[in-house]
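Numbering (my numbering), first residue to last: 1 to 172.
Where is the CB? At the ideal position from N, CA and C, for every residue including glycine.
Please read these numbers as outputs of a predicted model, since none were measured by experiment.
Working notes for the structure below.
In structure tokens:
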């Protein structure tokens, strides 16, 4: 007889918590929609640009101890966009970002440039609110000296671009 009571209790518990879980999901969905509306209203930006020795995921990276790097080293740049635009059409969420990277001398002379280093063009059934990108820069042929690493981010949905820089010095 005791197992029957346990079964009945579980069923009642499921019935009681199911509407609550649905209400929470609706609240979360509503909150995500509000975040998307705010991101779409404000200008595109770069929240984070960090030179790293390793990157393992969103918000998970090992920053370099300083801005001095040895010739021949590999640097990873962790980039978090801010206020990327999301287009909601036919029940799907679309984001479309591309990024260029440039290395400049102290005198603003271009040493290296690569367009469309990465592209994030997703159509998903759920919104992607937090995204990141990783660039890899190998300093094989850069002479010792002071440089700027420049990220140029393009939001192809919003039609905007923004940039951020990181100053560094190549040493032998």
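- About 16 Å separates the Cβ atoms of residue 74 and residue 133, ruling out a contact at the 8 Å cut-off.
- The closest CA to that of residue 86, considering only 66, 40 and 64, is found on 40.
- DSSP places residue 109 in no beta strand (DSSP E); its state is neither H nor E.
- Only residues of its own chain outside the window of five on either side were considered, and among them 93 have a CB closer than 6 Å to the CB of residue 124, listed in chain order.
- Here residue 142 has 71, 103, 111, 112 and 170 as same chain residues with Cβ atoms under 8 Å from its own Cβ, once five neighbours each way along the sequence are excluded.
- Contact between residue 67 and residue 101 is absent: CB atoms are separated by about 17 Å, not below the 8 Å threshold.
- Excluding its 5 nearest sequence neighbours in each direction, residue 108 has no C-beta neighbour in its own chain below 7 Å.
- Close CB contacts of residue 96 within its chain, under the 6 Å cut and outside five residues either way in sequence, are with 121, 156 and 157 (chain order).
- Of 144, 38, 35 and 44, the smallest CA-CA separation from residue 163 is found for 44.
- Going by DSSP, residue 154 is part of the beta strand (DSSP E) stretching over 145 to 155.
- About 6 Å separates the CB atoms of residue 61 and residue 50; that is less than 8 Å, so the two are in contact.
- The Cβ atoms of residue 119 and residue 138 do not sit closer than 8 Å to each other.
- Remark: C-beta atoms of residue 153 and residue 81 approach each other more closely than 8 Å.
- The continuous beta strand (DSSP E) containing residue 61 extends over residues 60 to 63.
- In the three-state reduction of the DSSP assignment, residue 35 falls in the helix class, which pools H, G and I.
- In this structure, residue 35 sits away from residue 151, with a CB-CB distance that is not shorter than 8 Å.
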